[in-house]
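Participant: Take a look at the following structure, please.
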Amino acid sequence: MKSKLIDNYGRIAKKLRISVTDKCNMRCGYCMPKNNTKWFDSTEVLCFEEIIRLSSILANLGVEKIRITGGEPLVRPLIENLIKSIAKIPHIKNIGLTTNGLLLLERVEKLKSSGLNSVNISLDSFKEDRFKMMTGINGLGKVISSIQKAREAGFDVKINTVVIRGWNDDEVVEFANFARRTGITVRFIEFMPLDGTGIWRSDLVFSKKEMIEKLESGIGEVSPVLEQEISAPAKVYSFSDGIGTVGFIPSVTEPFCNQCDRIRLTSDGRFLTCLFENPGYDIKSYLRRGASDEELSQYLIQCMTMKQEGIVSLIRINGLKPKLNLMHTIGG
Amino acid sequence: MIPLLLLVMKLLFCRQSAGDEFLIRVTTNHLSLQEVMRELEDDSAGALSIFMGNVRNRGRYGNVSEIYYEAYSEMAEEKMREIENEAQTKWAIKKLVAIHRIGNLKVGETSIIIGVSSEHRNEAFEACKYIINNVKTRVPIWKKEITDESQKWTDGILLE
Amino acid sequence: MRSDIPDNDKIKVRLFANLRELVGEREITITVPGGVTVSYLNNEILNKYPQLKSFSNKFVTSVNCKVTTDDTVITSSDEIALLPPVSGG
């Protein structure tokens, strides 16, 4: 289907990230302050009906894939019902969920039967005490079990790992070995200045280049996989012995803005065309004032044309600094 | 052989997930009997039972001019789905619809439509009755009677 | 055992029907120590909004859309609501 969501750089939006809540049951040191309990009011948050309506409109405009994120999406009650409804929207080919895995174990079957296709589980350390230090929770065992269970249930499972110099960069090889043992792709994400905790510094960024160096000295040669989705954020690599795949999301050192096909809806009803857009467009007000589907479509098309260049332009002017946006209100 | 196997598997799978396809909704929009009838269409159904709850002009507190319905929507839909699943295990149901309207409703307007289609009439009657009776006591929706003199929330049942 | 428990928690509670009208808000925020039970929370609510005191046995509490017992431990990442007697249909 021909997409109507095109920006002035010629980029087409095909993937929608929906943050369904700003709440999280973890307090990762690079995302949310430990004592944070300031959440959106329930009246500010889009209800399922509103999310479904906007998703349908965007599907009609060319969106093909939807990813459910948060905060932690499983914290939103009855999220399986939302997924069931989204699964019925014509033109939507794939629905994914990004989660920290803590609440996943008991809900794998229900999520599977709701129509969910893939699960990305965030995991930043295999060391129990480091996990606790980084997330605030004693949850390593639970997350490992949920990775297993999700795989057994037939989900397409990937691991997302944020690498921060001095925090967990010494585990890059172990994560790659996990990928090699299990066949699950691990994606290494560079530390972006979307930290709710204001701790970002450029010297904390552990680059894709450095990660590859570690992998090559610790395990063996890696090379890009031949068949790749160009617009996907992660560049996938395989080891030369054919065992295991890893991905890299080098948002800071090798930004890929020119291939971006992603747009976002926050839980409080803002439409973002870029992770670094702030505050974004208040589509909720339009919706709640009684706009028709046609009016909402036109508005979204217009917003899309104003999509900024991306993090590349910030890097160019040396404009990277902590807390450029709050990831827990946008979703990964 | 294989197409037959696939067809059988499809039928089995569809039966099991059929409940997920039914129209269960809490909405502020006017209810459409036409939409309900479309949802209930099934060539193998010999019977169709529809319940419509309408706002009437008399209430506990006098002459009613309007009813205001409020809901905890996402939980209400979930509870309605639970009730619908129970109905499906008790009776052989082909299709099922349950829509509740919320907001301000005038006398004569419809607040709820329950529809059931089944092969024979007994199931349609029984399931329809079961669903409306349970919706009245197990779903987080509240009714306020607006009369000339007052506005009062109707007595109800505590959820369990 | 819940381990995502902060020292101090700001719990949001959704209100409906007559309770909403008595308080004048669709949602209230109650500050409690981390890891309290539903009954502790309800006590705090009645203290902060004494107009609800005469309705203290006329609502149930739901946590994440499930009606729950008084001893359930809650945190601010839970969705809490006070539900008066229902009258839908």
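Protein chains in written order, with my numbering: chain A, 304 to 635; chain B, 1443 to 1602; chain C, 6 to 94. For every residue, glycine included, the Cβ atom is placed at its ideal position computed from N, Cα and C.
Check whether the Cβ atoms of K1521(B) and P1582(B) lie closer than 8 Å to each other.
Facilitator: Taking 8 Å as the Cβ cut-off, K1521(B) and P1582(B) qualify as a contacting pair.
Participant: Can you look up I1573(B) in the DSSP assignment and give me helix, strand or coil?
Facilitator: Of the three classes helix, strand and coil, the one that applies to I1573(B) here is helix, per DSSP.
Participant: If you check the beta carbons only, do A1566(B) and V1577(B) fall under 8 Å apart?
Facilitator: No. Outside cutoff.
Participant: Using the rule of at least 16 other Cβ atoms within 10 Å of the residue's Cβ for burial, across every protein chain shown, is R591(A) buried or exposed?
Facilitator: Per the 10 Å Cβ criterion, exposed.
Participant: Closest by CA to E412(A), which one among S428(A), H394(A), E383(A) and M436(A)?
Facilitator: That would be E383(A), whose Cα lies nearest to the Cα of E412(A).
Participant: Going by DSSP, which residues form a beta bridge with I467(A)?
Facilitator: V508(A).
Participant: Alpha carbons only, please: which of V72(C), N23(C), K17(C) and P55(C) is nearest the one belonging to M1517(B)?
Facilitator: If we check each option's Cα against that of M1517(B), V72(C) comes out closest.
Participant: If you compare alpha carbons, which of E524(A), T556(A), Q451(A) and Q531(A) is closest to S543(A)?
Facilitator: Among E524(A), T556(A), Q451(A) and Q531(A), the Cα nearest to that of S543(A) is on E524(A).
Participant: Identify which residue in T324(A), I315(A) and S306(A) has its Cα closest to the Cα of C560(A).
Facilitator: Per the Cα distances, I315(A).
Participant: What are the start and end residues of each continuous beta strand (DSSP E) run of 3 or more residues lying completely inside the region 16-93 of chain C, in chain order?
Facilitator: Here the runs fully enclosed are 32-38, 65-68 and 85-88.
Participant: With a threshold of 6 Å on Cβ separation, who are the neighbours of W503(A) within its own chain once the five nearest residues in sequence on each side are excluded?
Facilitator: Within the same chain, W503(A) has close Cβ partners P496 and P625.
Participant: Since T1589(B) and R1543(B) should fall inside the 8 Å C-beta cutoff, what is the C-beta to C-beta distance between them, to a whole number of angstroms?
Facilitator: With a Cβ gap of about 20 Å, T1589(B) and R1543(B) do not count as contacting.
Participant: Is the shortest distance between the beta-carbon of S92(C) and the beta-carbons of chain A less than 8 Å?
Facilitator: Chain A contact via Cβ: absent.
Participant: State the Cα-Cα distance for the pair G521(A) and K305(A), rounded to the nearest angstrom.
Facilitator: Those two C-alpha atoms are separated by around 46 Å.
Participant: Using the Cβ count rule (16 or more neighbours within 10 Å means buried), how would you classify A1486(B)?
Facilitator: Note that residue 1486(B) is Ser in the sequence shown here, rather than Ala. Counting Cβ neighbours within 10 Å, S1486(B) comes out exposed, since fewer than 16 surround it.
Participant: What does the Cβ neighbour count give for D83(C), buried or exposed, with the cut at 16 atoms within 10 Å?
Facilitator: When all chains shown are included, D83(C) counts as buried.
Participant: Hey, is the region 466-486 of chain A in contact with the region 545-563 of chain A, meaning 3+ C-beta pairs nearer than 8 Å?
Facilitator: Cβ pair count under 8 Å is three or more, so yes.
Participant: For a test of the three-state rule: what should DSSP assign to E1508(B), helix, strand or coil?
Facilitator: Strand.
Participant: Would H631(A) and M437(A) qualify as a contact pair, given that the criterion is a beta-carbon distance under 8 Å?
Facilitator: Going by C-beta atoms, H631(A) is not nearer than 8 Å to M437(A).
Participant: Near K17(C), what residues of its chain come up, given a Cβ to Cβ distance below 6 Å and the 5 sequence neighbours on each side ignored?
Facilitator: Within the same chain, K17(C) has close Cβ partners E32 and T34.
Participant: Could you pull the start and end residues of the alpha helix (DSSP H) that E1477(B) belongs to?
Facilitator: Start and end: L1475 to L1482.
Participant: Whole angstroms are fine: how far does the CA of L400(A) sit from the CA of R370(A)?
Facilitator: Going by the C-alpha atoms only, they are around 5 Å apart.
Participant: Quick check: T324(A) and R379(A), are their CB atoms within less than 8 Å of each other?
Facilitator: Yes, Cβ-Cβ distance for T324(A) and R379(A) is below 8 Å.
Participant: Select from W1584(B), E1524(B), N1499(B) and S1560(B) the residue whose C-alpha is nearest the C-alpha of L88(C).
Facilitator: Nearest C-alpha to L88(C): W1584(B).
Participant: Taking the alpha carbon of I1555(B) as the reference point, which residue from H1472(B), E1481(B), G1495(B) and L1465(B) has its own alpha carbon closest?
Facilitator: Here the closest residue by C-alpha is G1495(B).
Participant: Our contact map puts K511(A) next to V476(A) with C-beta atoms below 8 Å; I'd like the distance itself, whole angstroms only.
Facilitator: Between V476(A) and K511(A) the Cβ distance is about 15 Å, and since that is not below 8 Å, they are no contact.
Participant: Less than 8 Å between the CB atoms is what I'm expecting for Y54(C) and V28(C), so what's the real figure, rounded?
Facilitator: 5 Å between Cβ atoms; contact.
Participant: Whole angstroms is fine: what's the gap from V460(A)'s alpha carbon to V508(A)'s?
Facilitator: Going by the C-alpha atoms only, they are around 26 Å apart.
Participant: Which residue comes first and which comes last in the alpha helix (DSSP H) that contains N1546(B)?
Facilitator: Here N1546(B) belongs to no alpha helix (DSSP H); instead the beta strand (DSSP E) covers G1545 to K1548.
Participant: Which partner residues of D544(A) appear in the DSSP bridge assignment?
Facilitator: Answer is none; D544(A) lacks a bridge partner.
Participant: Nearest chain B C-beta to L88(C) closer than 8 Å, yes or no?
Facilitator: Yes, L88(C) lies at the interface with chain B (some Cβ there is under 8 Å from its Cβ).
Participant: So the candidates are C563(A), I360(A) and F434(A); which of them puts its Cα closest to the Cα of I614(A)?
Facilitator: Per the Cα distances, C563(A).
Participant: I'd like to check one pair, M607(A) with S576(A): are the Cβ atoms closer than 8 Å?
Facilitator: Reading the sequence as shown, one finds Thr at residue 576(A) and not Ser. Yes, the Cβ-Cβ distance between T576(A) and M607(A) is below 8 Å.
Participant: Got a sec: is the Cβ-Cβ distance from E1512(B) to anything in chain A below 8 Å?
Facilitator: For E1512(B), the answer is no, since every Cβ of chain A falls outside 8 Å of its Cβ.
Participant: Check whether chain B comes within 8 Å of N47(C), counting only Cβ atoms and requiring the distance to be less than that.
Facilitator: No, N47(C) lies away from the interface with chain B (no Cβ there is under 8 Å from its Cβ).
Participant: Would you please verify whether the beta carbon of K53(C) is less than 8 Å from any beta carbon of chain A?
Facilitator: False, the Cβ-Cβ gap to chain A never drops below 8 Å.
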